[in-house]
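Residue numbering for the sequence shown follows UniProt numbering, starting at 1 and increasing by one per position. Please read the structure below before turning to the comments.
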Amino acid sequence: MRERSSVGLGLALLSAITFATSGTFARPLITGEWSAVAVVIARVGIAALVLAVPALLALRGRWAVLRRNAGSVVLFGLLGVATAQACFFNAVRYLPVGVALLLEYLGIVLVVGWMWLVHGQRPRLLTVAGSVTALCGLGLVLDLTGAGRLDPVGVLWGLGAGVGLAGYFVIAGRIDAGLPSVVMASGGMAVGALALLLLGGIGALPLAAGTADVTFGGHRVSWLVPIAGLSLIAAVVAYLAGVAGTRLLGARLSSFVGLTEVMFAVLIAWLVLDELPSLIQLAGGALILGGVALVRADELRGTPSAPATAPAEPVLTGER
1 MRERSSVGLG
11 LALLSAITFA
21 TSGTFARPLI
31 TGEWSAVAVV
41 IARVGIAALV
51 LAVPALLALR
61 GRWAVLRRNA
71 GSVVLFGLLG
81 VATAQACFFN
91 AVRYLPVGVA
101 LLLEYLGIVL
111 VVGWMWLVHG
121 QRPRLLTVAG
131 SVTALCGLGL
141 VLDLTGAGRL
151 DPVGVLWGLG
161 AGVGLAGYFV
171 IAGRIDAGLP
181 SVVMASGGMA
191 VGALALLLLG
201 GIGALPLAAG
211 TADVTFGGHR
221 VSWLVPIAGL
231 SLIAAVVAYL
241 AGVAGTRLLG
251 ARLSSFVGLT
261 EVMFAVLIAW
271 LVLDELPSLI
281 QLAGGALILG
291 GVALVRADEL
301 RGTPSAPATA
311 PAEPVLTGER
């Protein structure tokens, strides 16, 4: 079990690092001719296509397994992919990006509450302490000083993103063990892309894209460069590693490890976009790592949140 958990932790960290690249890849597109929703659709749509063949090979004709988990795959796509990202990008229309991110990551509290109320996994003292420590660290990393009065519409969108993020971790952590992670990731992203495309098609979300060169890392490059990074690194690797890691760690611990995404995002922006993190943000990163360590210590002491090796029942409850 220790080896299984260590592999899960490594996958969860890989997922956090690759998810953290999404903002850096997306910025030159969004500041150019692309709308945020169009960027998301391209990101998860291309990734779903890339993973389609590996998903079919991993499934090996076991269509009964896919049919048995079809509802969970659809919910994963609607909550963990479409809802989380659509709500987040609507939240930033009314709120500073830092505030919107903080509201989204309140979803980890929903994960702890869900596992307690629905599955009877009452959080122990270390998990509570880790929750408080990590959220305090998140607030420092996001550097929320001077945010001003919050628009209630934006707050509601941000909380909606938190619900989507919680759905991402809960559903990925409780899906049937017989369903390959690559099938879950590919199917969920396909559902998410189609849902967002439908919302854009009816005018509920703005859709705009272009083929002009963009500025990335101080250089003029083709728009295909950030699109490739978004779809292959920030989606294919990120979602595949995230789903696999969550299934090994369980929803609660993986959601806390996911908090490191914010810290990695700050570091990547520093390296690629020359946005130097402040001392407060570095201190926040240390608190996030400390909070994750506390939750990890609680898991190793025997908290019953690690998934069993037998197939778990699907849960019908995710900026991802």
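A virtual CB, placed ideally from N, CA and C, is assigned to each residue, including glycine. These numbers were taken from a predicted model, which means no experiment stands behind them.
- G130 sits close to G291, with the two beta carbons spaced by under 7 Å.
- As DSSP reads the structure, R220 sits in a beta bridge with T215.
- Contact between I268 and T24 holds: their C-beta atoms lie close to 5 Å from each other, under 8 Å.
- In this structure, S181 is the residue among S181, I233, I41 with its C-alpha nearest to the C-alpha of G245.
- L207 is positioned such that its CB atom lies no closer than 7 Å to that of A64.
- Per DSSP, I233 lies in no alpha helix (DSSP H) and is assigned neither H nor E.
- Between I288 and A134, the C-beta gap is smaller than 7 Å, which places the two residues in contact.
- Going by C-alpha positions, A58 is about 7 Å away from V183.
- In the DSSP annotation of this structure, T21 is not part of any alpha helix (DSSP H), being labelled neither H nor E.
- The DSSP assignment places complete alpha helix (DSSP H) segments of no fewer than 4 residues inside the UniProt domain "EamA" (8-142) at 22-30, 36-59, 63-68, 70-75, 84-91, 97-105, 107-117, 125-142, in order along the chain.
- For the pair G192 and V81, the CB atoms are nearer than the 7 Å cut-off.
- Spanning the alpha carbons of L224 and L125 requires a straight line of approximately 48 Å.
- A straight-line Cα-Cα distance of about 25 Å links G162 and I46.
- For the pair V153 and Y94, the CB atoms are nearer than the 7 Å cut-off.
- A residue is called buried when at least 16 other Cβ atoms come within 10 angstroms of its Cβ; R247 meets this threshold and is buried.
- Spatial neighbours of L179 in its own chain (CB-CB distance under 6 Å, excluding positions within 5 residues in sequence) are listed in chain order as V65, N69.
- Around the CB of T127, 16 or more other CB atoms lie within 10 Å, so the residue is classed as buried.
- The three-state secondary structure of G188, taken from DSSP, is helix.
- Looking at R122, F216, L240, A36, the one whose alpha-carbon comes closest to that of D298 is R122.
- Boundaries of the alpha helix (DSSP H) around A238: 238-249.
- Distance between V237 and T18, taken at the CA atoms: about 7 Å.
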